[in-house]
Amino acid sequence: MDILLLSQLDLDMLLWQSPDYGDNNGDSVLEIAEEDDSCRDIVDLIEGIYKRRNTMDEKLKQAAIKGDVEFLREAVASDKPTEYFQSLYCVPDPRKDEQVGNIFHLAVWNKRGEFLREAMEKLSQAGVDVHLLLCQQDHPKWKRNPLHVASVKEYNKIVKVILDYYEKSLSAPANSSPPPPSSTSSAQSTNAMDHRSVKPWLAKDVWGYAPFHNVMLSCREECVLKLLSIDSSLFSRMDDCAEDDAHRSPFVFALDRGFGKVIFKFWESAPNWHTFDKRVLACALAYAPNCSGNS
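In this text, residue positions in the sequence shown follow the UniProt record's numbering: the first is 1, and each later residue adds one.
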């Protein structure tokens with residue numbers, strides 16, 4: 001059985017989009033096929049596609065999981081090809097093994113902050129595109145980059161390590177590190193698009209959440225402030241709701257969590273209230289008392 005004339009992106013969308021096209025928690029093609037014994041050939045076909053995408057060396061995988069910095073240094077020093085470090089650990093069904101993706105994903109899942117920091121520094125010096133690794137999705141079922149995982153899991157220290165990389169990139173002399181994403185670019189994250197214009201904190205996962213939402217919703221205020229200092233254009237996105245939540249925007253999250261410093265900086269940015277959805281403003285009023293006395 002062959003699948004013809006489909007790009008990898010098209011194929012992923014067909015295989016992992018739920019039948020009702022609106023419920024991202026619905027069954028995928030693989031999940032439906034697994035329930036029918038007569039569809040075993042379809043299951044084998046789909047599993048084969050994703051097994052072939054598993055290109056990561058087992059030693060590199062274990063190094064990222066265990067935080068083996070020494071192995072990483074030796075691998076970089078041995079002049080491994082760029083593709084070695086940008087390889088993916090991929091499984092047919094991430095429900096059975098959620099820790100998938102590149103070495104940054106694996107390091108984040110296992111809270112290996114030192115490994116992650118060292119990898120970003122050494123790989124950048126070796127000419128490997130660190131920004132690409134930070135933009136890569138883990139699996140088409142989830143569509144999460146490393147910052148998605150760190151922010152969803154509330155790993156504040158790991159979030160800070162990733163943001164520190166971009167903060168350092170902004171202040172570094174020209175040609176000393178890969179350029180940060182353009183301050184005017186949007187980010188509908190996909191491995192197929194030009195990643196240089198992508199901001200990983202704006203890339204949306206399969207549920208419509210960007211790391212920007214997750215950081216505001218789950219992480220400490222210091223992480224939010226650091227992200228806003230890196231990308232001041234986010235102030236104009238404070239009413240940008242996740243796709244499954246029509247009212248709770250980052251602005252509302254900040255009010256709900258009593259982030260007085262964030263709200264104060266938002267006031268300083270002179271927000272254009274005329275562009276805000278009235279439902280967002282109404283929701284914000286309900287949470288405003290949470291910030292009383294904190295600003």
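The beta-carbon is built from N, C-alpha and C at its ideal position, and this holds for glycine as well.
*Between which two residues does the alpha helix (DSSP H) harbouring tyrosine 166 extend?*
Run containing tyrosine 166: 156 to 171, per the alpha helix (DSSP H) assignment.
*asked:* For valine 89, list the residues DSSP reports as bridge partners.
replied: It should be pointed out that residue 89 corresponds to tyrosine in this sequence rather than to valine. For tyrosine 89, which the question treats as bridged, DSSP gives the partners Gly101.
_Whole-Å CB distance - proline 92 paired with isoleucine 32, under 8 Å assumed_ = Rounded, the Cβ-Cβ distance is 14 Å, inconsistent with contact.
*Mind checking whether arginine 112 and alanine 77 have CB atoms under 9 Å apart?*
No.
*asked:* For serine 124 and aspartate 41, I'd like the C-alpha separation in whole angstroms.
replied: Across the structure, serine 124 and aspartate 41 are spaced so that their CA atoms are roughly 43 Å apart.
*Return the residue from the list Pro200, Phe251 and Ala150 that minimises the CA-CA distance to asparagine 110.*
Minimum Cα-Cα distance from asparagine 110 among the listed residues Pro200, Phe251 and Ala150 corresponds to Ala150.
*asked:* Let's see if you can read the secondary structure: which residues bound the alpha helix (DSSP H) around glutamate 35?
replied: No alpha helix (DSSP H) contains glutamate 35, which DSSP labels as neither H nor E.
_Cutting at 8 Å between CB atoms, please list the residues of its own chain near lysine 61, excluding the five before and the five after it._
Excluding sequence neighbours, lysine 61 sits near Tyr89, Ile103 and Leu106.
*State the start and end residues of the unbroken alpha helix (DSSP H) segment that holds leucine 202.*
For leucine 202, no alpha helix (DSSP H) run applies, since DSSP gives it neither H nor E.
_Classify methionine 238: buried if its beta carbon has 16 or more other beta carbons within 10 angstroms, exposed otherwise._
It is buried - the Cβ of methionine 238 has at least 16 other Cβ atoms within 10 Å.
_Distance, glutamate 121 Cα to asparagine 54 Cα_ = Whole-angstrom Cα-Cα distance: 25 Å.
_Buried or exposed by the 16-neighbour rule on C-beta atoms within 10 Å, applied to lysine 141_ = Under this definition lysine 141 is a buried residue.
*Taking C-alpha atoms, which residue in Pro200, Gly67 and Glu221 lies nearest to proline 211?*
The residue with the shortest Cα to Cα distance from proline 211 is Pro200.
*Reduced DSSP secondary structure (H/G/I, E/B, other) of glutamine 137*: Of the three classes helix, strand and coil, the one that applies to glutamine 137 here is coil, per DSSP.
*Starting from the C-beta of asparagine 156, find all residues in its chain whose C-beta is less than 6 Å away, skip the five residues before and the five after it, and write them out in chain order.*
Excluding residues within five positions, the ones whose Cβ falls inside 6 Å are Cys219, Arg220 and Cys223.
*Rounded C-alpha distance that separates isoleucine 49 from valine 198*: Going by the C-alpha atoms only, they are around 27 Å apart.
*Would you kindly check if the distance between the Cβ of isoleucine 158 and the Cβ of leucine 116 is under 9 Å?*
Result yes, Cβ atoms of leucine 116 and isoleucine 158 sit closer than 9 Å.
*Where does proline 81 land, buried or exposed, given buried means 16+ other C-beta within 10 angstroms?*
Proline 81 should be labelled exposed.
_Residue interval of the alpha helix (DSSP H) (run including serine 249)_ = Counting along the chain, serine 249 falls outside any alpha helix (DSSP H), and DSSP gives it neither H nor E.
*Report yes if the C-beta distance between lysine 160 and lysine 226 is below 9 Å; otherwise report no.*
Lysine 226 is positioned such that its CB atom lies closer than 9 Å to that of lysine 160.
*asked:* So, with DSSP's three-state summary, where would you put serine 218?
replied: Look at serine 218 here: in three-state DSSP terms it is helix.
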